[in-house]
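For the record, the sequence lines run as chains A and B.
Under my numbering, the first residue of the first sequence is numbered 7, with each subsequent residue one higher.
Under my numbering, the first residue of the second sequence is numbered 7, with each subsequent residue one higher.
Just so you know, even glycine gets a beta-carbon here, dropped at the ideal spot from N, CA and C.
Since the model is a prediction, treat every value here as computed from it, not as a measurement.
There are 2 protein chains.
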Amino acid sequence: MSKLKPIPVALVGCGVVGSATARILTRDRALLEAKCRQTLELRYIVSKTYMRATEFQLDTGLFEPDIEKALGDPEVRIVIELIGGIDDARAVIERAIDAGKHVVTANKALLAVHGPELFERARNAGVAIGFEASCAGGIPIVRALYDGLIANRIDAIYAIVNGTCNYILSQMTAKGESYRQALQQAQHEGLAEADPTLDVAGIDSAHKIAIMTSLAFGQAVPFDMIPVEGIETIELADVKFAEKLGYLVKLLAIAERQSSGLTVRVRPAFISRAHPLAWVSGPFNAVSVYGHVTGHTMYYGRGAGGAPTASAVVADLISIASGVLPLTFSECRYMLGNNPVVRENPVADTAHRYYLRVMVRDSPGALASMTSILEHYGISIASVLQDEVADTNGGESTYVPVVIILHTTGERAVLEAASKINSLPTTGQRCSVITIVDEYPEPTAED
Amino acid sequence: MSKLKPIPVALVGCGVVGSATARILTRDRALLEAKCRQTLELRYIVSKTYMRATEFQLDTGLFEPDIEKALGDPEVRIVIELIGGIDDARAVIERAIDAGKHVVTANKALLAVHGPELFERARNAGVAIGFEASCAGGIPIVRALYDGLIANRIDAIYAIVNGTCNYILSQMTAKGESYRQALQQAQHEGLAEADPTLDVAGIDSAHKIAIMTSLAFGQAVPFDMIPVEGIETIELADVKFAEKLGYLVKLLAIAERQSSGLTVRVRPAFISRAHPLAWVSGPFNAVSVYGHVTGHTMYYGRGAGGAPTASAVVADLISIASGVLPLTFSECRYMLGNNPVVRENPVADTAHRYYLRVMVRDSPGALASMTSILEHYGISIASVLQDEVADTNGGESTYVPVVIILHTTGERAVLEAASKINSLPTTGQRCSVITIVDEYPEPTAED
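Right, dumping it as structure tokens:
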């Protein structure tokens with residue numbers, strides 16, 4: 007094949023992902039050339055510091071502190087935004103689009119909130135935005151949703167897309183550590199930030215499910231309408247009861263088509279050991295997608311870190327360079343949020359099985375008061391688990407955990423019943439209410 | 007977006023996958039139109055019978071017994087080959103290519119053997135061949151290899167790509183059934199053919215790894231140079247020992263870059279319960295891919311069956327219709343077999359850990375004779391497992407299983423030693439030699 011002139015690229019931001027991207031583009035140039043006719047030239051690394059240049063063996067001559075020079079170079083055809091955050095990143099992307107340059111970004115926070123406008127702006131300018139790196143790092147899940155699974159009506163996505171949370175929950179399960187201990191361990195291993203809020207509060211997962219939902223359901227979900235719960239309130243007791251009952255606690259990001267509409271949420275959940283997502287341990291991520299013809303497919307890998315995320319960035323660069331992604335971008339109606347069929351369904355209107363753990367003063371009638379509340383709300387009990395507790399307090403009444411598994415029940419009723427149970431005089435701390443996520447039904451012959 | 011004229015398509019073959027494809031193209035037309043600007047018109051279903059028309063609610067007016075009419079229609083732009091087999095299928099594909107029509111096929115046997123010629127022919131004619139459906143049914147693994155993971159040097163693929171074998175081995179593990187019983191059960195459930203040879207002898211898996219190897223390593227492997235072992239000789243005893251030792255027996259298709267070259271093989275193997283592939287049970291498939299930047303990613307789903315395979319066929323149709331696949335086909339250097347770096351490495355020259363099960367006459371010195379043979383070949387023993395067996399034969403000597411786990415050893419030495427052990431007077435039936443597949447090392451910071 008004939009040699010083509012390499013396409014000049016500007017990288018804005020040289021942090022963990024940026025430096026790994028620069029490294030692939032320079033060190034692995036021959037490898038990429040062997041795979042694809044069109045090649046890339048990394049012309050600028052826009053960064054105020056050379057900090058990572060040595061560690062990643064990058065040519066310091068590529069470093070350019072002045073972003074104007076990079077964005078103003080008319081030969082630059084693709085801008086890679088890897089500075090993160092919202093406002094500055096948005097400004098870089100908008101300027102690149104307005105200058106007729108394609109964009110590649112890993113910025114989930116930005117796309118989850120401003121994705122639809124940015125995509126429209128890019129479409130109007132005739133350029134593409136590559137965002138494989140914004141969801142689940144090295145796992146090519148964005149492509150699976152817009153390309154590989156395109157023949158499917160996607161019915162549900164169940165995703166473990168935050169490695170920090172998954173590591174913490176895996177440690178609690180495997181080592182019997184408390185949330186606090188496991189978090190410290192994660193920070194010690196560089197798997198959690200000093201301020202871990204974005205991760206442990208579920209916000210990062212919500213960003214990713216917002217993007218995947220747009221792709222899968224053709225429906226941009228307003229980010230602040232996604233109910234988000236994190237893992238901070240998960241107690242070791244719940245992790246242990248989960249295990250005893252054949253489940254694992256995972257932070258799940260879920261988007262689900264239900265008869266009444268589309269529900270999107272992030273929350274810790276019990277998932278059966280028989281479900282492939284239960285196998286995903288440590289910092290790994292996985293996304294289960296349910297399509298009306300494929301049934302269940304799952305995508306597993308490293309969802310964060312420099313090299314895996316850079317792999318996704320470079321895949322988008324090559325796809326843009328070869329003309330594939332721009333074509334996909336103009337031909338496929340994704341990220342448009344214009345699907346009139348799907349409407350939002352509040353989580354309160356959904357129904358699931360639930361796990362309830364109530365700390366109950368060990369007194370006669372305590373269980374009866376709880377079950378009569380549940381009965382009042384028409385909630386049916388599948389099983390009750392109350393371990394015998396050694397009476398170490400010399401006859402004084404102590405709090406013991408009572409675990410109640412509920413049959414499929416509307417969430418509104420469960421929350422109201424839990425609130426009533428919390429105000430019983432026999433109830434200790436606020437009870438734990440955790441959704442049990444069952445395997446999404448496989449398509450039938452009629453689907 | 008403006009309405010475009012639908013692209014006429016001819017479907018050749020209306021079996022399990024063909025009828026499911028026709029159904030998606032007709033029933034789900036509105037769904038596909040909502041996703042993609044370019045739409046498809048199923049104009050011909052070339053089939054001698056209307057057999058499946060009723061079951062799949064297909065318009066019998068689409069059925070055309072005369073293939074000449076479909077291939078001769080100049081408006082038809084894409085031909086879907088789903089008749090299977092080699093010669094007739096090849097003729098259909100060649101005629102379509104020569105008439106300037108794009109091709110979509112699920113024919114793994116054909117592509118594994120004649121892929122390189124067909125791809126060159128298509129490239130010369132300026133048309134594309136879509137073959138997502140040829141590997142692992144509903145799992146978009148072909149796209150992951152040529153697109154999503156393109157930034158990676160692929161170092162290894164470990165794949166479970168035959169649902170029949172995986173179902174049989176899962177049944178043996180879960181239910182303690184013999185190979186024969188589990189095979190009958192699979193046939194009863196429609197998961198195995200009346201003549202199951204292609205599946206259980208590993209040939210189907212070999213077809214798929216041949217195709218994936220071409221994509222991943224840029225190296226077309228001559229199909230008859232892939233050593234293939236099936237699962238017919240796996241005994242329940244081995245399945246049980248595997249479990250006892252923390253492994254599962256899986257039929258693995260493996261392509262692996264080693265310092266001495268590329269090794270491709272299909273064989274039953276012990277895989278650690280800690281490896282995600284061990285979780286894949288029943289008829290499901292999964293492909294683990296190790297890239298030098300992503301590390302381990304895995305793709306899981308239904309690897310066979312009408313609807314999942316049709317999902318892959320339709321994804322290729324849409325990609326061709328929108329111009330994406332033809333562009334990828336001309337810009338990406340895949341399926342060319344022109345990578346000079348990779349050379350073949352005979353399996354005999356590889357090194358692994360091994361499981362050896364020898365049926366030994368319970369006589370003094372039997373174990374010593376075996377260990378001295380292993381010592382002679384420089385093979386180091388990691389552990390020996392010999393269960394005490396109740397002496398039910400009233401003092402007569404009986405055969406007892408002795409399991410020896412070997413440290414990493416060259417395969418040639420292991421096979422020679424096993425052959426020597428087989429000819430010992432104390433050895434009963436031929437001993438079982440099964441490779442233990444360890445997790446492929448994750449990339450280091452230097453990768």
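Going by DSSP in three states, residue i sits in which element: helix, strand or coil?
i	result
N428/B	helix
F335/A	helix
H108/A	strand
L68/A	helix
Y446/B	coil
Q177/A	helix
Q392/B	strand
N158/B	coil
S140/A	helix
Y56/B	coil
Q63/B	coil
Q16/A	Here residue 16/A turns out to be Ala, not Gln, going by the sequence shown. If DSSP states are grouped into helix, strand and coil, A16/A belongs with the strands.
P346/B	Residue placement at P346/B is flagged as unreliable, the pLDDT there being 49, under the threshold of 50; the coordinate-derived value follows with that caveat. Residue state, collapsed to three classes: coil.
G21/B	coil
M7/B	Reliability of the predicted coordinates at M7/B is poor, the pLDDT of 45 falling under 50, and the value obtained from them is presented with this limitation in mind. In the structure shown, M7/B sits in coil (DSSP, three-state: anything other than H, G, I, E or B).
How would you list, in chain order, the residues of chain A whose beta-carbon sits under 8 Å from the beta-carbon of residue i?
i	result
G307/B	T300, G301, H302, T303 and M304
C42/B	I156, E337, C338 and R339
L37/B	R159
S328/B	L333, T334, E337 and C338
Going by beta carbon distance, what residues of the same chain come within less than 6 Å of residue i, once the five residues before and after it are set aside?
i	result
D210/B	N168 and L204
P346/B	Legend: pLDDT at P346/B = 49, less than 50; position of this residue unreliable, no value from coordinates given.
H281/B	E445
K54/A	P71
G21/B	none
I379/B	A423, K426 and I427
Where does residue i land, buried or exposed, given buried means 16+ other C-beta within 10 angstroms?
i	result
M178/B	buried
T66/B	exposed
V460/B	Residue 460/B lies beyond the residue range present for chain B, which begins at 7 and ends at 453; the question has no answer from this structure.
M7/B	Here M7/B scores only 45 on pLDDT, less than 50, and its place in the model should not be relied on; the value that follows carries that caveat. M7/B is exposed by the Cβ-count criterion.
I30/A	buried
E381/A	exposed
G132/A	exposed
Give me the Cβ distance between residue i and residue j, rounded to the nearest whole Å; I'm assuming they're in contact under 8 Å.
i	j	result
G297/A	D161/A	7 Å
A40/A	G154/B	Actually they do not touch by this definition, with Cβ atoms about 18 Å apart.
V408/A	V364/A	5 Å
A128/B	V109/B	7 Å
L362/B	V295/B	That pair is no contact at about 30 Å.
G143/A	A318/A	6 Å
Please list the partners that residue i has in chain A, where partner means a Cβ-to-Cβ separation under 7 Å.
i	result
A207/B	Those within 7 Å of A207/B in chain A number zero; the least Cβ separation is about 27 Å.
I145/B	T303
I30/B	A157 and V299
In chain order, what residues of the same chain lie with their CB nearer than 8 Å to the CB of residue i, ignoring the 5 residues before and after it?
i	result
I217/A	K114, L117, A118, G121, F137, S140, C141 and V148
R359/B	A388, I411, L412, H413, T414, T415, T441, I442 and D444
L242/A	M178, G182, E183, S184 and Y185
C42/A	I324, A327 and S328
Taking 7 Å as the limit between beta carbons, can you name the residues of its chain near residue i, skipping five residues before and five after?
i	result
A313/B	A26
Q44/A	L10, I13, A327 and S328
N158/A	G297, H298, V299 and T300
A248/B	L254, V255 and F276
Mind listing the chain B neighbours of residue i? Cutoff is C-beta to C-beta under 7 Å, in chain order.
i	result
G297/A	S317
V320/A	A157
P449/A	A313
R149/A	R149, D153 and G154
P282/A	W285 and Y306
Run through chain A and tell me which residues come within less than 9 Å of residue i, C-beta to C-beta.
i	result
S325/B	D153, I156 and T334
Consider the C-beta atom of residue i and the heavy atoms of the ligand ATP; say whether any pair is separated by less than 7 Å.
i	result
T414/A	No copy of the ligand ATP occurs in the structure displayed, which carries no ligand at all.
Can you pull the chain B neighbours of residue i, defined as C-beta to C-beta under 9 Å?
i	result
V23/A	None at all; the shortest Cβ gap to chain B is about 11 Å.
A115/A	Within chain B, no residue comes near A115/A; the closest Cβ sits about 23 Å away, beyond 9 Å.
G224/A	A40 and K41
Would you mind telling me which residues of chain B sit closer than 8 Å to residue i, beta carbon to beta carbon, in chain order?
i	result
S265/A	Within chain B, no residue comes near S265/A; the closest Cβ sits about 17 Å away, beyond 8 Å.
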